[in-house]
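Beneath this line is the structure, given in structure tokens, with notes to follow.
In UniProt numbering, the protein residues as written are 1 to 137.
This is the structure in structure tokens:
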């Protein structure tokens, strides 16, 4: 959390002459089925508790509507993104769409991206490579 705070404070002080208007400090990208009720919920609570305006899709978006434009708007209006890579993140079309939007935004702005790999058990690098290849192929 200290690293995230330091990065956000550095970004806001470097933009002090031309401060951009952000709706959110952090955009959380995660696979809900994998992490919503555990890790991501704890991360979200910690970020909010530390004073970061944090976007999490289950809190911010209305049900039953086309959410892609809203997600893209939230990414564009966030200072940073935190991507929580979990076992099935890459098997979700929505997660991959979000990832593309985040990376596209990063290439055209000062958007900062943090990533984390959430594992439920330790694995070898060889096993991680196999799992990654299976998701992508």
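Ideal Cβ positions, reconstructed from N, Cα and C, are used throughout, including at glycine.
Beta-bridge pairing by DSSP links residue 116 to 84.
When Cβ pairs closer than 8 Å are counted between the two stretches, the segment 101-116 is seen to touch the segment 80-88, the count reaching three or more. Nearest C-alpha to residue 33 among 24, 74, 94, 73: 94.
The alpha-carbon of residue 106 is positioned some 19 Å away from that of residue 53. Distance from the CA atom of residue 104 to the CA atom of residue 43, rounded to whole angstroms, is 24 Å. Cβ contact annotation for residue 109 (same chain, cutoff 6 Å, sequence separation greater than five): none. The beta carbon of residue 89 is closer than 6 Å to those of 31, 95 in its chain, skipping five residues each way along the sequence. CA-to-CA, the gap between residue 69 and residue 24 works out to about 16 Å. Counting only runs that start and end inside the segment 37-77, the alpha helix (DSSP H) elements of at least 4 residues fall at 39-49, 57-60, 68-76. Taking C-alpha positions only, residue 74 is separated from residue 49 by approximately 20 Å. Under DSSP, residue 26 takes part in a beta bridge, and its partners are 54, 80.
The alpha-carbon of residue 87 is positioned some 19 Å away from that of residue 56.
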